[in-house]
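Asks:
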Amino acid sequence: MDRLRDLFPLFRNADWTRGSGRPAAFVLSALMIAVLAVDPEPVRLVRERVFDAYQQIRPRDSSGSQVVIVEIDEVSLDREGQWPWPRARLARLIDRIADAGPRMIGVDLLFAEPDRHSPENALADWQIDDPVLRSRLDAWIASRPGNDTILAESLRLAPPSLISTLGIDPELDFTPPGTAADEAAPSILPEVLARHAAIVEPLAEIRRSASGTALTNIVPDSDGTVRRVPLLFWAMNSVQSSFALEAFRLGLGARGFTLAGDDHGLSAIRLAPHGVEIDTEFDGTIRPYFARSDRPALALAGDVPRSMMASGVLQQANGPQGLRNRWVLVGLSDPLLTNEWPTPLGERLSGVLLQAEILENLIDDAWLRRPAWARWLELATTATFTLLLIVLVPASARGRSAAITLGTAIGLVLLGFLVFRTSGHLLDGTAPAITGLAAFVVLTSAGYAIAMRQRRAIDAELNAARRVQQGILPAADDFASLAERLEVRAHLEPA
216 MDRLRDLFPL
226 FRNADWTRGS
236 GRPAAFVLSA
246 LMIAVLAVDP
256 EPVRLVRERV
266 FDAYQQIRPR
276 DSSGSQVVIV
286 EIDEVSLDRE
296 GQWPWPRARL
306 ARLIDRIADA
316 GPRMIGVDLL
326 FAEPDRHSPE
336 NALADWQIDD
346 PVLRSRLDAW
356 IASRPGNDTI
366 LAESLRLAPP
376 SLISTLGIDP
386 ELDFTPPGTA
396 ADEAAPSILP
406 EVLARHAAIV
416 EPLAEIRRSA
426 SGTALTNIVP
436 DSDGTVRRVP
446 LLFWAMNSVQ
456 SSFALEAFRL
466 GLGARGFTLA
476 GDDHGLSAIR
486 LAPHGVEIDT
496 EFDGTIRPYF
506 ARSDRPALAL
516 AGDVPRSMMA
526 SGVLQQANGP
536 QGLRNRWVLV
546 GLSDPLLTNE
556 WPTPLGERLS
566 GVLLQAEILE
576 NLIDDAWLRR
586 PAWARWLELA
596 TTATFTLLLI
606 VLVPASARGR
616 SAAITLGTAI
626 GLVLLGFLVF
636 RTSGHLLDGT
646 APAITGLAAF
656 VVLTSAGYAI
666 AMRQRRAIDA
676 ELNAARRVQQ
686 GILPAADDFA
696 SLAERLEVRA
706 HLEPA
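Below, the structure written as structure tokens:
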């Protein structure tokens, strides 16, 4: 201890904690660090909004995107008729897209029920009393395929095609026929993956014709914002792919995927045989890096629009241009017919636009990373910063300590954004900055209180000295006998 006192003047006073605000600052910092370690929902949401601000300041650049969206939007519905369209029309839309030579076609639409526009289904609602006419209509219907068969044939002849399924929750009390357990799945997967009791599947005829099916479910945060998206689900006692992951796999021509992880959860999804690895969080999710949806319409190389109206694709004489070797997604974007999901950029995206964002992230390896060690690094940084302030601030000049504290806090916040900008990793510099500033306020408040006490003590001592000196002087009446020519003046000096 004597050596420490010689090296550091701070330790020369054995009572260095007394009256300096250090104990209070230490207790406050310890409590704030404990709250950060527990990570309750309000703290987590504040941190997530810091990460939202990163994206708002620097959204993803989607120029050169390999994804094109064919939107069934309000204009398309005005031109082609109200939704749902006959599936023969959807088949014609898929045929037009397939003729343009895309890598794959993903149809973000659910075909769980027969097409009510198909002639055989529409005829069932007609009251036809004439048996001859009825017989002729039955013969005509029997001679042509139904709308579901036409759509299935278009999917079969198209490039790799994907159609959507929907996971449902236990309270819906839906039990599909035939569930099979996946014996090869790690035991941890049912605990960490997003779970659904069952899956609403497309009609068997349509499902068999498509190259794949996948879940389109989205899992927003507690405030409704979509920040993390599952690439895998646990449903029907097996691992199920998300729509974006399956679209990515089909576009690459990968046979399947394998999972990497440990007893704590997943760490990566590997697509064979391409060697593509998607590093995930422990629960099979990734954090999409969002692009602005109000970017210019001509966002692809060669002046190919990122999105096309379905009505335009159907009505173009020569078919759509610029789709060769691109991922094409088809889906509803009319807000009256589909859910819209809030994003960190403050925008609301339809399901197909959100799937396109996720797919672009997978293609460009652009998703954001929040590694497991990030939280521990933030806690260590917070503890180190606050301890340094607790030790140094009371022993430093007020102006210098304020400048150093404020500069370090700003530097930590800027460092978090710089790491995001350069590497795509999400680190929160605001937690150590706010904790350090809180400790600094306690320390400076204690220092100010000490200075005020010292000033009052000095003033009291000066006043006491004046009273003592005034008591030493003789009374004014004692000078009455002196000659009038004698002039007396009193001069007091503080002791």
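Heads up, the sequence shown is in the numbering used here, so the first residue is 216 and it goes up one at a time. By construction, the Cβ of each residue, glycine as well, lies at the ideal position given by its N, Cα and C atoms. Fair warning: this is a prediction, and the values are worked out from it, not measured in the lab.
1. What is the rounded straight-line gap between the Cα of residue 305 and the Cα of residue 416?
2. Should residue 758 and residue 646 be called a contact, given that it needs their Cβ atoms to be closer than 8 Å?
3. Please report the straight-line C-alpha distance between residue 296 and residue 529, rounded to a whole angstrom.
4. Going by DSSP, name the residue or residues bridged to residue 555.
5. Is the beta carbon of residue 312 less than 8 Å from the beta carbon of residue 535?
6. Considering only their Cβ atoms, is the gap separating residue 367 from residue 420 smaller than 8 Å?
7. Does the region 487-501 come within contact of the region 238-255, defined as at least 3 CB pairs closer than 8 Å?
8. Assign residue 583 to one of three DSSP states: helix, strand, or coil.
9. Would you call the region 358-365 and the region 316-336 touching, i.e. three or more CB-CB distances under 8 Å?
10. What is the DSSP secondary structure of residue 406, reduced to helix, strand or coil?
11. Do residue 446 and residue 501 have their CB atoms nearer than 8 Å?
12. Let me make sure I understand the geometry here. Which of 286, 268 and 272 has the alpha-carbon closest to that of residue 527?
13. Given this structure, state the Cα-to-Cα distance separating residue 383 from residue 414, to the nearest angstrom.
14. Go to residue 494, then tell me how far its alpha helix (DSSP H) extends in each direction, as first and last residue.
15. Does the Cβ-Cβ distance between residue 266 and residue 641 come in under 8 Å?
16. Hey, could you find the ends of the beta strand (DSSP E) residue 242 is sitting in?
17. Out of 644, 617 and 636, point me to the one whose CA is closest to residue 628's CA.
18. Can you tell me which of 425, 621, 427 and 408 puts its alpha carbon nearest to the alpha carbon of residue 434?
19. With 16 as the cutoff for other CB atoms within 10 Å, does residue 454 come out buried or exposed?
20. In terms of residues, what are the limits of the alpha helix (DSSP H) holding residue 277?
21. Return helix, strand or coil for residue 373, following the three-state DSSP convention.
22. According to DSSP, what are the bridge partners of residue 485?
23. Between residue 553 and the rest of its own chain, which residues show a CB-CB distance below 7 Å, the 5 nearest in sequence each way excluded?
24. Roughly how many whole angstroms lie between the Cα atoms of residue 589 and residue 634?
25. Look up residue 387 in the DSSP assignment and say whether it is helix, strand or coil.
26. By the three-class DSSP mapping on this structure, what secondary structure does residue 297 have?
27. Does any residue of chain B bring its CB to less than 8 Å from the CB of residue 384?
28. For the candidate residues 321, 325 and 247, whose alpha-carbon lies nearest to that of residue 426?
29. Using CA atoms only, rank isn't needed, just tell me which of 319, 277, 325 and 601 is closest to residue 299.
30. Below 8 Å between beta carbons: does that hold for residue 653 and residue 381?
Replies: By the coordinates alone:
1. 18 Å
2. As displayed, the chain neither begins before 216 nor continues past 710, which places residue 758 out of reach and without an answer.
3. 13 Å
4. 565
5. yes
6. yes
7. no
8. strand
9. yes
10. helix
11. yes
12. 286
13. 6 Å
14. It is not in any alpha helix (DSSP H) - residue 494 instead sits in the beta strand (DSSP E) that spans 491-494.
15. yes
16. First-last for residue 242: 237-253, but that is the alpha helix (DSSP H), not the beta strand (DSSP E).
17. 644
18. 408
19. buried
20. First-last for residue 277: undefined, no H or E at that position.
21. coil
22. 473 and 492
23. 547, 565 and 566
24. 12 Å
25. Any reading at residue 387 is ruled out, since the residue's pLDDT is 42, under 50, leaving its predicted position unreliable.
26. coil
27. Included in the structure is just one protein chain, with no chain B present.
28. 321
29. 325
30. no
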